[in-house]
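The numbers in the sequence shown follow the working numbering, run straight up by one, and end at 374.
Contents: one structure, followed by commentary.
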Amino acid sequence: MRILQLIDTLNPGGAERMALNYFLAGKKCGFESYIAVSREEGFLAEQIRYSPGYKFLKKSNAADLLAFYKLKKIISFHKIDIIQAHGSSLFWAVLCKITGSKVKVVWHDHYGDSENLDKRKSVLLKKASRYFDGIISVNNNLRNWAKHTLKFKKPLIYLPNFVNQPISLERKELPGGCQFKIVCVANLRPQKDHFTLIKAFKVIQHKFDVSLHLFGRHSNDAYFFEVKSLVENNPGIFYHGEVSTVMNFLANANMGVLSSNSEGLPLALLEYGMAGLPVICTKVGECSNIIEDDGILVEANNPEELALAMKYYLENREKSKQDSINFNRRIKNDYSEEAILSEFQKFISKI
């Protein structure tokens with residue numbers, strides 16, 4: 024079986040990392056594996072740039088016929104059986120099918136604002152879903168939404184994101200010289216609510232030898248410039264931008280935090296666990312189900328509660344260590360490549 028991952032970009036983000044993960048894991052499943060990036064390559068492309076299965080379409084806009092027919096040629100030449108379309112790339116996958124490409128389409132839904140699915144625009148998705156042969160949802164809310172809102176009757180599965188255990192790590196130092204380093208891996212956009220995290224950090228930073236390190240892509244918008252101003256005015260906070268190998272930095276961190284007001288299934292949380300970090304996260308999306316009792320869950324938009332949680336781990340190092348060990352074990356058992364790919368293979372066999 025030949026499977027093509029289709030994704031808009033390979034800028035570091037949850038959907039992009041998962042498209043890359045599925046591409047790299049294809050051979051382990053016994054598939055011929057390909058990946059087509061339509062619009063922008065991004066940092067993650069450096070990992071696969073010279074792979075024969077990697078294709079870049081150089082799409083300039085939604086109506087770029089040259090890029091579209093390049094995609095159709097790839098499907099035809101490599102005899103692709105299934106397009107696994109991530110996020111909004113589903114529309115070009117469906118158009119390929121409508122215009123005669125003999126291919127099946129599986130939509131991989133990574134929609135992050137799963138707390139507000141009632142506001143999600145569904146008219147075009149309902150029309151497109153007629154051409155889907157299967158849907159993969161990254162959390163149960165999205166699965167239920169596809170079942171009831173799209174009224175999808177074909178194979179439908181909740182498959183959590185997965186993370187690989189690095190074979191080797193090139194440990195990257197985190198600046199600041201502090202004893203305790205807190206990290207947050209989240210692209211800079213309102214959904215991730217960095218302001219709550221920064222407010223909470225200000226509460227604890229004068230009581231402990233601690234620094235805060237932010238990783239993630241920005242869009243040069245008002246949100247970014249407001250966060251940037253707060254970072255520049257606080258010597259204990261560092262913004263590192265987007266990086267292709269965040270695990271190298273997590274290896275030198277002491278705590279992982281997410282302060283989002285909405286999530287799907289954040290890959291960052293799995294990466295914290297794989298890196299052996301104690302975690303603090305808001306009660307959104309699948310976060311509660313991932314962490315259970317092996318971390319600290321707080322309400323969204325509550326800097327006071329988040330500050331208390333960070334203070335608790337800073338003052339209770341043994342508890343922090345034990346929680347990190349338990350969470351690391353949970354991630355390796357339930358969210359590893361091996362665990363998820365087994366379910367993926369069963370699902371694909373039904374398509």
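By construction, the Cβ of each residue, glycine as well, lies at the ideal position given by its N, Cα and C atoms.
* Asked: Using a Cβ-Cβ cut-off of 7 Å (strictly less than) and excluding sequence neighbours within five positions of residue 364, which residues of its own chain qualify?
  -> 48, 51 and 52
* Asked: Going by beta carbon distance, what residues of the same chain come within less than 8 Å of residue 370, once the five residues before and after it are set aside?
  -> 157, 159, 178, 180 and 182
* To do: Specify whether the region 277-287 and the region 253-262 touch according to this definition: at least 3 beta carbon pairs, one from each stretch, less than 8 Å apart.
  => no
* Asked: Anyone know if the C-beta pair for residue 42 and residue 97 falls short of 8 Å?
  -> no
* Give, in chain order, every unbroken run of the beta strand (DSSP E) that is at least 3 residues long and sits entirely within the region 34-64. => 55-63
* Asked: So, helix, strand or coil for residue 278, using DSSP?
  -> strand
* For residue 304, name the three-state secondary structure that DSSP assigns. => strand
* Asked: Does DSSP put residue 231 in a helix, in a strand, or in coil?
  -> coil
* Asked: For residue 116, is the classification buried or exposed, using 16 other Cβ atoms within 10 angstroms of its Cβ as the cut-off for buried?
  -> buried
* **Beta bridge counterpart(s) of residue 108 as assigned by DSSP** => 29 and 130
* With a threshold of 16 other CB atoms inside 10 Å of the CB of residue 28, please say whether the residue is buried or exposed. => buried
* List the residues that DSSP assigns as beta-bridge partners of residue 262. => 237
* In the DSSP assignment, find the alpha helix (DSSP H) that holds residue 179 and state where it starts and stops. => Run containing residue 179: none in the alpha helix (DSSP H); it sits in the beta strand (DSSP E), 179-181.
* Could you say which of 337, 143 and 209 lies nearest to residue 165 if we only look at CA atoms? => 143
* In chain order, what residues of the same chain lie with their CB nearer than 7 Å to the CB of residue 62, ignoring the 5 residues before and after it? -> 31, 32 and 82
* Asked: What whole-angstrom Cβ distance do residue 384 and residue 240 have, given they're in contact under 8 Å?
  -> Because the chain here runs from 24 to 374, residue 384 falls outside it and cannot be looked at.
* At what residues does the beta strand (DSSP E) containing residue 320 begin and finish? -> 319-321
* To do: Using the Cα positions of residue 147 and residue 287, report the straight-line distance between them to the nearest angstrom.
  => 21 Å
* To do: Put residue 310 into one of helix, strand or coil per three-state DSSP.
  => helix
* Asked: To the nearest whole angstrom, what separates the beta carbons of residue 151 and residue 114, a pair I think is in contact under 8 Å?
  -> 6 Å
* To do: Excluding the 5 residues preceding and the 5 following residue 170 in the sequence, name in chain order all residues of the same chain whose CB lies nearer than 7 Å to its CB.
  => 179
* **Same chain, Cβ closer than 7 Å to residue 69, neighbours up to 5 away in sequence not counted** => 267
* Asked: What residue range is occupied by the uninterrupted beta strand (DSSP E) comprising residue 157?
  -> 157-160
* **Proximal residues to residue 120 (C-beta, below 7 Å), its chain only, five neighbours per side dropped** => 126, 128 and 154
* **Reduced DSSP secondary structure (H/G/I, E/B, other) of residue 144** => coil
* Between which two residues does the alpha helix (DSSP H) containing residue 371 stretch? -> 360-371
* **Residues sharing a beta bridge with residue 207, DSSP** => 237
* Considering only C-alpha positions, which residue in the set 122, 292 and 252 is nearest to residue 270? -> 292
* Same chain, Cβ closer than 6 Å to residue 295, neighbours up to 5 away in sequence not counted -> 279 and 302
* Asked: Under a three-way DSSP split, which group does residue 185 fall into?
  -> coil
* Asked: Cβ atoms of residue 235 and residue 224: under 8 Å apart, would you say?
  -> yes
* Asked: Which one of 86, 56 and 74 has the shortest CA to CA distance from residue 103?
  -> 56
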